[in-house]
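Quick mapping for you: the protein sequence lines, in order, are chains P and E. Read in the numbering used here, the first sequence has 759 at position 759, and its numbers run on one by one without any break. Read in the numbering used here, the second sequence has 10358 at position 358, and its numbers run on one by one without any break. First the structure, in the form of structure tokens, and then the observations on it.
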Amino acid sequence: MREIVLSGPERRSAMPKNILSSMTILAVVLMLSAVGAVARNIASPMGLIRGRVTGIDKSPLQGVSVIVYRTNIGTVTDEKGNYSLMVPENGNLLVFSLVGYTTIQEPVRNRTEINITLQADIKALEYVTVTGYTNYSRSQSASASTVVTSDKLAQVPMTIDQVLQGRVPGLTISSSSGQPGQNAGRITLRGVNTITGSTTILYVLDGIPIESNYFQNINPSDIETVTVLKDASATALYGSRGSNGVIVLTSKKGKSGQVSFDYKSQYGFSEMSSPTFKMMNAAEHLKFEEEVGLETGAASSGPGWTYSKKNPVYATKTAGEQQRYDSILDSLANKNTDWRKFFFRKGKFMEQQVNASGGTDNVRFYSSLNYYNQDGIALRSGMKRMTLRNNVDFNSKKLSGNINLTLGYSSSSFIESEGATSGNNPLSAVFYALPYEYPYYPNDTLVHSGNTSRFPVMDLREGSNALERLLNTTNKSNQVKGILGGSLNYTIFDGLVAKTRAGIDFRQSSDEAYINPDSYAGSRVSNGRKGSFSESSRRYFSVITTSGLTYNKTIADLHNLEVSALFEYNFRQNASFNYTGYGIEGRLGETPAGISPGSATAFIPVVGGARGHSALASYIGIGRYTFNDKYTLNASYRYDGSSTVPETNRWHGFYSLGLNWEAKKENFLSDVDMISGLRIRTSYGTTASPFSSDFGYPALYAATSYGGVPGIRPSTPGNTDYDWEYTKELNAGFDLSLLASRRVRIIFDVYSKRTTNLFFNRPLSYTSGFSSLLLNAGSVSNKGIELDLQVDVIKTNEILWTVGGNYSYNKNKVADLGESGEFTKDYTAIVREGLPLGSHFAPKWAGVDPATGNPQYYTKDGQITTTYNAATLSVAEFGSYIPAVSGGLNTALSWKGLTVTALFSYMDQVYRYNNEDYFNENPSFRTSNQSTRVLYDRWKKPGDIAILPRIGAARNYTSRDIYDASFIRFRNLNFNYNLPAAFVSKVKGVRGIHVFVQGENLKVWTKWRGFDPENGNEYARFSYPSPRTYTGGINVNF
Amino acid sequence: MTKTYLINRTGVVLMALALFSVSCKQQLDLTPIDSIDATKAFRNLSDINLGLVGAYAVLGTGDISNTTLVSDEAMLPSENATGGGVATHRWQYDGSSPSVTNAFSENYTAIDRVNRVLAAIDMVPSSAAEALIKERYRGELLALRAYAHFELIRNYASKYEQGAMGVAYMKVSEITSPSRLSFEATIAAIKADLVAAKPLIPASFTDKSRITAIAVPAMLARVALYEKNWAEAITYATETISLLPLATKAQFPDIWKDKSEAEVIWKLRKASAADGLLGNIYFNTNNTVLYAPSFKLMNLFDKTNDVRFASYIRIDNNRGVGKTPNIVNKYVGGTTTVNLADAKLYRTAEMYLIRAEAFAETAKVTEAATDLNFLRLARITGYTAQAFATKAQLVDAIYEERFKELAFEGHRFFDLRRRNANVVREPADAINALGAVLLTPAQAQYSFPLPNEELMANKNMLQNPLY
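If you want it as structure tokens, here you go:
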């Protein structure tokens, strides 16, 4: 039996395990510190109370803190969930708490044995708001933040950013690629603030800012909580880096007590989900060829026309030739190759993890080792990952600290040209390839364009060439990532703590691409026609130090004050190097040793690379004042200086103010049973977003060359007024829980953001030598609401069934563009005052003229025209590719050790340009396979009411190609079963076993016609779709 | 714990912090690593040369690819499933089509680079001994500026005649919104730059990848041709011919393998694949003929006796079922890097054809026929000189000769436009054109559109009519 002695200063240095305790325990702790002196004086007779604490599944819970209310007397449960505690005579209330579980206050009522069942805490209302600088209980924080806990992160076979989809109101995540080893793609929080600036969210792991988009080597199972900071009262702590939102990851920490081991093992597989449009089969394509031949006269359009009975040439042939023609067509029509079989497969999945945790009150550790192996659904793709995490926390009387280390190695193999329209991309080749093309000759020779003179075929080998390339090339990336952080806190005197924290984020990526010289793909390499080998090395290094003082004081049991003054310095550096060598010796293959040395006429290797660096220095002041546990004021000021800004604008201050009111604690609410909790908050503050380039402001020249002779060229026109983009954000919200035991929980926030000084490329006349000039002007606003509702539909000691959902709506508007005026951006968008960012700009499709089959367009004044002119016809009436609505629906049912959870995610008011249609429904590509609409819904003769125009008409980009990309996705279904304690206890040394099965991405409901409504951003173009994945596994706790 | 002790401790921590902050403030003064600060771009004369090379570097070969796509010199074979350039080939382009609008930004970028170097050239120190080199650079810069503007007018003038819309002439690097000059005003400015450049480049400078003393009169001759200033065309063509004779039949094939620079006045040098593979327009490394020579063009050649035929076109009857045997061979190059070839911008042959046309237009039929026969004799084994009765016959013959001689060199479409002639595709060449067989001056696509981005960014810039 150990006693926990909690006192003021040490609470400041409390480890995140404690930090994560619920509001109640913190409230108790606060009171404890305030009345500590009184409590220590208690010396009345004591009674021994024993008991056992279990979960709803009757499994023992270890490490549950049991504390006598309003004292510092307490203990923790052992591995069997048992505790015993000497309780003073006047101690009549015990407080049971454990991270992730609901805290229970149990009256003693003269009992000597008290057994307790703790329910998993799935309420988001009481988590601590971890900002990386402060750890405030939610009752003392004005911040709108959402916490996602480890139980939702650990099992899903995805990267940590992808897992968050549908979990956090306001966080919009589009998984543009389902290829293993890729990250989520586009993630935005509370709308897009910028036109050309960075939209990247700042990620912070245990206080160390880490690179976004490199999460392959972070093991989600090591993460205890993800805290998404949304409003200015939290993001302003990050000043010039905060305006896109901050996601704070906190890794698992050791728990004191006997060392416990966990072993997790899961296996599974992934498969292709199907697109919602149909390509032609062999007979259909032959018929299409024949129709094209008939409709356009002499056009040569493939064997379907060449050998057709309707071709005038047919009649001139002899009976024997005619018979041969017929049999050619017949055999082609029956070929129907299923190209998916050649490019796709069932991808295997496997994950193994061992972790250990334990320690004493003074030193605790958490260590984990993880191996993860995921094969992609497309041939050749996959990722293997090994990670190690080691966290050590220690504390002595005055000093406390921690060291957190994560190391990861991953090795990914990618398909060719993901997202490209070229036939090298298997995802496009599978559509382009003709159904009557078959890759192999009867003698198993792969027939490609390089040997068709020996193996004659009647198609253009689009599928076979892609297959040959896939089989004879490699595209790999290896990544080593290390994140090391440590902190020391020293209590100078009661209440004043000196802190220092330092961290390093390091990554080394090595990419390799090889083209086999002895293959057809190798013969296509222009430089030397004998394959190529390229390698690139990319290094990222960032170091941060934060040091300062924190002072905490409680006065007269009413006033609680915490202020910090910190200095922070952050330096980032990146370096890359790459080469491509030619003339490969095939026997050596995938190694630089196989490269031929360059000579004046052949095999000259290509060498490249880059260097960059930036630095940020900050002075930070943070304060919190809480009165009577009811009213809290949060305030912060941060003065940032960055090397990425010209000296005149280099330093800038950012501030925030926030108020939190614990309304339930007011007398007028305390007796209202219907309302079991009410908290009201508001905040206002300023932030900025970092620049995507290190040196965007000076006029610069870069190296170039002409005909092998070096030269220089102006690379940026320069802008001396270059400045940050400033965001001001107002947030107001409340946390409301209703009914006894808080069965209905609502978190609601409304916000208004305005970003001014927008940083964008003002389009210039080309006569200036540049297409655009970066300048700061104009503003954009984002206003929205976020709602999270959770209801415990059934809540008994046996069963807990929760249903919930979250919803966010963001209204984005370009408020002002200064003198620049509107301009088009990227592929399809226009930036125009009054419209949301990402608004599509295209000529409006007016259907097909039934008389002529010509495509028709609407002019701006609503007239129909057949003359296409993107400049004069384009209008912005087709929505934006940045979704306005996103969210998720979730449910969880726990019964006797069985837990079933389901998650749906959705997006609405989002429109994308379906660039796949441009290729699959285009006369220019009629010799490739086309969608069945091109056969059945094309205009063929006067009077036809058709979707697609006549075959000879121009294929132009219009609103016809913009589709509603809203969807509801059945993201995850998980069955988790904790084996009964009675059974488990028979196995020696085992404390708990649970088994699980889950399905990921089970179904999508959408109007979208392409692969996947999430593929791509403004346009969708043959990306790697998210697979459907099933896994099953077991967790054993020793 | 005494109070003094506390103050001391706190003081030490604060002092440490303060020291740390000072050193970090200096850490913010980072400078770009991968770029050169504009104020240090031009320090001396060799930097001027680097800037000049940077201007050459931006020049492209869009004339060659676009002429191939839109004129009658090439056809789309069935084996090309890439879709690349097909819409342009079928004259379905407008201001949003990159193929035909790229030359606009490309040439103005070159012009801006030239103007920046011109602004710096008198600022850098140079010794008296370097004065000649400096003036040569100035000459190259002025001629390059003229060339880029000429490319702009060739591509984007509404017509090549008085009163038609020309292009804006940029003489300094600045961010403005200029409007288009008339065709004749643009031509005048181009000529002024060329005339200024002419005396500055010494004959001793013979790097064919750059503008030499021979290139300036050649450029003037071509400008005069488009201006229909026949007297100047004769003068400058004659001057160029006197400086550089035609290639012999033996030398001719080697020109296209970059083994000979005979009769090459100026060419864009392509040193490696990174500079672009010119031949990829026609025959890619995928063993696919993307655009084949038109039958219309092939049928004009004396296939056995004309040295040009085999240099430009290869016939391979063993390519397999459904594949075209006719392959444009002009830019396969002479290295192991297939399709790596220099773009020949000016050759002596063109000077003969310019002079012949100018003679014909100025009623000097005999002189015109002499030039034409001289060129044919140099190309065709066993050729006997022909006589031409009328000017019209002569002009037709000169056009036919230009079609053959300058095939795939980016002339045909512009040549047709010079005389408002239709682009006509023969049925054999239109099997995949889906009806695109006739382009007349009444259609918008007969002139190339200005890019839509330019029209949006610069309200003073007007689009060509009919778009």
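Beta carbons are placed, not taken as given, at the ideal position from N, Cα and C, and that holds for glycine.
query, result
"Tell me, to the nearest whole angstrom, how far the beta carbon of GLY612 of chain P is from that of ILE10033 of chain E; I am working on the premise that it is less than 8 Å.", "6 Å"
"If we call anything under 8 Å between Cβ atoms a contact, is PHE850 of chain P one with ASN812 of chain P?", "According to the sequence displayed, residue 850 of chain P carries Pro and not Phe. Against a cut-off of 8 Å, the Cβ pair of ASN812 of chain P and PRO850 of chain P comes out as no contact."
"Can you tell me whether DSSP reads PHE823 of chain P as helix, strand or coil?", "strand"
"To the nearest angstrom, how far is it from the Cα of ASN1037 of chain P to the Cα of PHE215 of chain P?", "27 Å"
"In chain order, which continuous runs of the beta strand (DSSP E) of length 3 or greater are located wholly inside the region 337–379 of chain P?", "347–359 and 363–375"
"Please confirm if GLU1018 of chain P has its CB atom under 8 Å from at least one CB of chain E.", "no"
"When you compare the CB of PHE10104 of chain E with every CB in chain P, is at least one pair closer than 8 Å?", "yes"
"Who are the neighbours of LEU10050 of chain E on chain P, taking C-beta pairs under 7 Å?", "PRO710, GLY711 and ILE712"
"Which residues, taken in chain order from the region 740–769 of chain P, show a beta carbon closer than 7 Å to some beta carbon of chain E?", "PRO763, LEU764, SER765, TYR766, THR767, SER768 and GLY769"
"I want to verify the contact list: residues of chain P whose CB lies under 8 Å from the CB of ASP10034 of chain E, in sequence order.", "ALA610, ARG611, GLY612 and ALA702"
"Anyone know if the C-beta pair for ALA602 of chain P and THR10248 of chain E falls short of 8 Å?", "no"
"Please return the same chain residues whose Cβ sits closer than 6 Å to the Cβ of ASN478 of chain P, not counting the five positions on each side in sequence.", "SER411 and SER510"
"Just tell me which of P:THR580, P:TYR366 and P:GLU585 has its CA closest to the CA of SER10272 of chain E.", "P:THR580"
"Verify the CB distance criterion: does SER692 of chain P have a CB-CB separation below 8 Å to chain E?", "no"
"Comparing alpha-carbon positions, which option in P:GLU729, P:ALA282 and P:THR194 lies nearest LEU434 of chain P?", "P:ALA282"
"Tell me whether ASN10102 of chain E sits in a helix, a strand or coil according to DSSP, three-state version.", "helix"
"Pick helix, strand or coil for ASP10193 of chain E, following the three-state DSSP scheme.", "helix"
"The ligand ADP and THR958 of chain P: does any heavy atom of the ligand fall closer than 7 Å to the residue's C-beta?", "With respect to small molecules bound, the structure shown includes none, and the ligand ADP cannot be examined in it."
"In this structure, does DSSP put TYR936 of chain P in helix, strand or coil?", "helix"
"Among E:ALA10358, E:GLU10400 and E:GLN10443, whose alpha-carbon lies nearest the alpha-carbon of ASP10072 of chain E?", "E:GLU10400"
"Just to confirm, is the Cβ distance from ARG1050 of chain P to SER177 of chain P under 8 Å?", "Outside the modelled stretch of chain P, which goes from 1 to 1038, sits residue 1050 of chain P, for which no answer is possible."
"Less than 8 Å separating the beta-carbons of ALA10387 of chain E and ASP10371 of chain E?", "no"
"Taking the C-alpha atoms as reference points, what is the distance between SER523 of chain P and ILE415 of chain P?", "20 Å"
"How would you call ASN115 of chain P, buried or exposed, if buried means at least 16 neighbouring beta carbons within 10 angstroms?", "exposed"
"Between THR10088 of chain E and chain P, is any beta-carbon pair separated by less than 8 Å?", "no"
"What does the alpha-carbon distance come out to for the pair GLU224 of chain P and TYR267 of chain P?", "23 Å"
"Measuring straight from C-alpha to C-alpha, what distance separates ASN1035 of chain P and PRO220 of chain P?", "15 Å"
"Output, in chain order, the set of chain E residues within a Cβ distance shorter than 7 Å of PRO923 of chain P.", "LEU10434"
"Cβ closer than 8 Å: which chain E residues qualify as neighbours of THR824 of chain P?", "ASN10452, GLU10453 and MET10456"
"Could you give the distance in angstroms between the alpha-carbon of GLU468 of chain P and the alpha-carbon of GLY594 of chain P?", "21 Å"
"Quick one: residues in its chain with C-beta nearer than 7 Å to the C-beta of HIS448 of chain P, no 5 flanking neighbours on either side, listed in chain order?", "ARG461, SER464, ASN465, GLU468 and TYR520"
"Restricting to Cα atoms, I'd like to know which of P:TRP895, P:SER564, P:TYR706 and P:GLU590 is closest to ARG638 of chain P.", "P:SER564"
"Please tell me whether SER10177 of chain E has its Cβ less than 8 Å away from any Cβ of chain P.", "yes"
"Counting only Cβ-Cβ distances shorter than 8 Å, please list the residues of the region 585–608 of chain P near chain E, keeping chain order.", "THR601, ALA602, PHE603, ILE604 and VAL606"
"Is the beta carbon of ARG10043 of chain E sitting closer than 8 Å to the one on PRO714 of chain P?", "no"
"Any C-beta of chain A within less than 8 Å: which residues of the region 10249–10278 of chain E qualify?", "The chain labelled as chain A is not found among the protein chains of the depicted structure, namely P and E."
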